[in-house]
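Trainee: Sequence order for the protein chains is A and B. For the first sequence, counting from 1, position 69 maps to 69 in the numbering used here; every step adds exactly one. Residues are numbered in the numbering used here as their position in the second sequence, beginning at 1, plus a constant of 1000. Where is the CB? At the ideal position from N, CA and C, for every residue including glycine. Take a look at this one; I'll ask things after.
Protein chains: 2
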Amino acid sequence: MPVKRVKVSNNVIRRLPRYLRKLDELTDSGVSRVSSFELGRQLGLTPSQIRQDFSCFGEFGQQGYGYNVPALRSEIASILGMDRGFNAIMIGVGNIGRALTENFNFSEWGFSLIAAFDVRPEIIGTMFHGVPILSMDELARFLDEHRVDAAVLTVPKEAAVPVTEMLTANGIEAIWNFTNVELTAPDSAVLVENVHFSDSLLSLGYYIAERADERAAKAAKAERV
Amino acid sequence: MPVKRVKVSNNVIRRLPRYLRKLDELTDSGVSRVSSFELGRQLGLTPSQIRQDFSCFGEFGQQGYGYNVPALRSEIASILGMDRGFNAIMIGVGNIGRALTENFNFSEWGFSLIAAFDVRPEIIGTMFHGVPILSMDELARFLDEHRVDAAVLTVPKEAAVPVTEMLTANGIEAIWNFTNVELTAPDSAVLVENVHFSDSLLSLGYYIAERADERAAKAAKAERV
């Protein structure tokens, strides 16, 4: 079911999966109603921020009554397209591709991983955790015969750009990019979602450094006393 | 070298790695000076946002003259602690652990991966891409004998919580968490950086759904004409 579309800021969209995770957690703990205050406290956001985020998509809560957890969860899932039955393919069945196929539950998030593609003859024609591994030579025909909403790009760095060109030339419009290679010009029509492990590690490094500095400052102060 | 510490918002910290990547890209393209306007255009941020972000850490640019790319890059690297020589260990050498060890250049981001730990006898005592794989039984002693700034948690879901308890009981204060399991109470002193693949995929799903809806709306409109 299409939801009402207004232009929503990227920051709001990025928060939606966090809301979803938190609502799933609350459900698991048996909580069925939550105030914007409590939700905010648990997520490190202000209640007004939360009300404002949800107001982008309509009215979910009731003043003084809070949010119904399963109803809100289902609204957010729908906004995220989790009920659309997206089809995805994977390109590159190396370590990261295997890790995703084995451990990442695509269907939980609204995606079916319907096929994977690789260049190594020894794995082509086999199944891996229920996913058939096909030859890259079969890719164009496969895309011709199947509706594919997104490609998971888990190829080695040097293959990232040529494979992307091949995918887009064959109608792929959305790429989940694990290669750490920038794939598109800012104005390209292809949706690219980059997974940058380094961004995450660098943020952690910031906090480690910050803590070390705070301790050093405290120790220096104690010494001066 | 400790940098001046003011409390900086989480959003600013999250943007620093993006600035770093963009500055590296500019360096690779031979660009040595960039205006906040141009940097903003390429990153989808306003020039004033960028100036405001950098002002948290001191003055880097010169009015009407722009930023010196290598100098700014080096400042941001230092803010992120990339020059601190952090030591990291990895817990769990499955697919995702192997993918990181093989393909992720820890040292590029200021971390040395000095050891990995696993429970499987067949890999204990071996080296993987220059990293010794030790037994979990050796973990406590190892932590006693080495300065370890962060643990990369790449164990199966069910091991996430017990392993975290073991790590923190042995002095680990920062965890890079790939398990998709929530590890800490909001007020814990342990720094946890979560890599949530699902957040990333869900954002992509949002944009795919949005595009589909826009097309459907356009088609419906064309039909009515």
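Considering Cα atoms alone, identify which of A:119, A:71, A:204, A:64 is closest to residue 1010 of chain B.
Mentor: Per the Cα distances, A:204.
Trainee: Nearest by alpha-carbon distance to residue 1172 of chain B: which of B:1220, B:1178, B:1090, B:1199 is it?
Mentor: Taking only the C-alpha atoms, the option nearest residue 1172 of chain B is B:1090.
Trainee: Rounded to whole angstroms, what's the CA-CA distance from residue 1048 of chain B to residue 1035 of chain B? Just pull it up for me.
Mentor: Near 11 Å, if we compare the C-alpha coordinates of residue 1035 of chain B and residue 1048 of chain B.
Trainee: Could you give the first and the last residue of the continuous alpha helix (DSSP H) run that contains residue 1011 of chain B?
Mentor: 1010-1028 is the extent of the alpha helix (DSSP H) around residue 1011 of chain B.
Trainee: Residue 1082 of chain B versus chain A: which residues are under 7 Å apart at the beta carbon?
Mentor: Residues of chain A passing the Cβ test: 205.
Trainee: If you follow the beta strand (DSSP E) that residue 113 of chain A is in, where does it begin and where does it stop?
Mentor: First-last of the beta strand (DSSP E) with residue 113 of chain A: 111-118.
Trainee: Against chain A, with Cβ distances strictly below 7 Å, would residue 1202 of chain B count as a contact?
Mentor: With 7 Å as the cut-off, residue 1202 of chain B counts as an interface residue toward chain A.
Trainee: Note the first and the last residue of the continuous beta strand (DSSP E) segment covering residue 1193 of chain B.
Mentor: 1191-1194 is the extent of the beta strand (DSSP E) around residue 1193 of chain B.
Trainee: Let me know the alpha helix (DSSP H) ranges lying completely inside the stretch 124-198 of chain A, each 4 residues or longer, listed in chain order.
Mentor: The stretch 124-198 of chain A contains these whole alpha helix (DSSP H) runs: 139-145, 160-169.
Trainee: Which ranges does the beta strand (DSSP E) cover as unbroken runs of at least 3 residues, wholly within the stretch 77-104 of chain A, from first to last along the chain?
Mentor: Whole beta strand (DSSP E) segments, 3+ residues: 86-91.
Trainee: Using a C-beta to C-beta distance shorter than 9 Å, which residues of chain A count as neighbours of residue 1128 of chain B?
Mentor: Result: empty, since nearest Cβ-Cβ is about 11 Å, beyond 9 Å.
Trainee: Are the Cβ atoms of residue 80 of chain A and residue 1202 of chain B separated by less than 7 Å?
Mentor: Taking 7 Å as the Cβ cut-off, residue 80 of chain A and residue 1202 of chain B qualify as a contacting pair.
Trainee: Quick check: the stretch 138-149 of chain A against the stretch 82-99 of chain A, are there 3 or more CB pairs under 8 Å?
Mentor: Segments in contact, yes.
Trainee: In chain B, which residues lie with their C-beta within 8 Å of the C-beta of residue 149 of chain A?
Mentor: Chain B residues near residue 149 of chain A: 1208.
Trainee: What is the C-beta distance between residue 1195 of chain B and residue 197 of chain A, in whole angstroms, given that I count them as a contact (C-beta under 8 Å)?
Mentor: So it is a contact: roughly 7 Å between Cβ atoms.
Trainee: Taking only the alpha-carbon atoms, compute the straight-line gap between residue 18 of chain A and residue 1199 of chain B and give it to the nearest angstrom.
Mentor: Distance between the alpha carbons of residue 18 of chain A and residue 1199 of chain B: 7 Å.
Trainee: Should residue 1037 of chain B be labelled buried (16 or more other beta-carbon atoms within 10 Å of its own) or exposed?
Mentor: So residue 1037 of chain B ends up on the exposed side.
Trainee: Please determine, among B:1039, B:1163, B:1117, B:1209, the residue with the shortest C-alpha to C-alpha distance to residue 1131 of chain B.
Mentor: The candidate whose alpha carbon is nearest that of residue 1131 of chain B is B:1117.
Trainee: Considering only their Cβ atoms, is the gap separating residue 153 of chain A from residue 177 of chain A smaller than 7 Å?
Mentor: In contact: residue 177 of chain A and residue 153 of chain A (Cβ atoms closer than 7 Å).
Trainee: So which of A:41, A:217, A:156, A:164 has the shortest CA-CA distance to residue 188 of chain A?
Mentor: The shortest Cα separation from residue 188 of chain A among A:41, A:217, A:156, A:164 belongs to A:164.
Trainee: Based on the DSSP secondary-structure assignment, which residues constitute the bridge partners of residue 33 of chain A?
Mentor: Its beta-bridge partners are A:68.
Trainee: How far does the alpha helix (DSSP H) with residue 1107 of chain B in it reach, from first residue to last?
Mentor: Here residue 1107 of chain B belongs to no alpha helix (DSSP H), and DSSP marks it neither H nor E.
Trainee: Let me know if residue 1001 of chain B comes out buried or exposed under the rule of 16 or more other beta-carbons within 10 Å of its beta-carbon.
Mentor: Model confidence at residue 1001 of chain B stands at a pLDDT of 46, short of 50, so the residue's coordinates are unreliable; what they give is reported in the following sentence. With fewer than 16 Cβ atoms within 10 Å of its Cβ, residue 1001 of chain B is classed as exposed.
Trainee: Taking 7 Å as the CB-CB cut-off, is residue 1053 of chain B touching chain A?
Mentor: Not an interface residue.
Trainee: Taking a contact to mean a Cβ-Cβ separation below 7 Å, would you say residue 1206 of chain B touches residue 191 of chain A in this structure?
Mentor: Not a contact, by the Cβ cut-off of 7 Å.
Trainee: Who are the neighbours of residue 1073 of chain B on chain A, taking C-beta pairs under 8 Å?
Mentor: Those within 8 Å of residue 1073 of chain B in chain A number zero; the least Cβ separation is about 13 Å.
Trainee: Counting only the same chain and skipping the five closest in sequence on each side, list residues whose C-beta sits under 6 Å from that of residue 139 of chain A.
Mentor: Cβ within range, chain order: 117.
Trainee: Closer than 8 Å is the cut-off here; do at least three beta carbon pairs connect the stretch 90-105 of chain A with the stretch 1093-1101 of chain B?
Mentor: Verdict: yes, contact present.
Trainee: Whose Cβ in chain A lies nearer than 9 Å to the Cβ of residue 1018 of chain B?
Mentor: Simply 196, 199.
Trainee: Is there a C-beta anywhere in chain B that falls below 7 Å from the one on residue 133 of chain A?
Mentor: For residue 133 of chain A, the answer is no, since every Cβ of chain B falls outside 7 Å of its Cβ.
Trainee: Check whether the Cβ atoms of residue 1129 of chain B and residue 1102 of chain B sit closer than 7 Å, and answer yes or no.
Mentor: In contact: residue 1129 of chain B and residue 1102 of chain B (Cβ atoms closer than 7 Å).
Trainee: Which residue's Cα is closest to the Cα of residue 137 of chain A: A:167, A:112, A:114, A:69?
Mentor: Nearest option by C-alpha distance: A:167.
Trainee: Using a Cβ-Cβ distance under 7 Å, would residue 1098 of chain B count as near chain A?
Mentor: Taking Cβ atoms only, chain A reaches closer than 7 Å to residue 1098 of chain B, which makes this a yes.
Trainee: Just the Cα atoms here: how many angstroms apart are residue 1179 of chain B and residue 162 of chain A?
Mentor: Going from the Cα of residue 1179 of chain B to the Cα of residue 162 of chain A covers about 32 Å.
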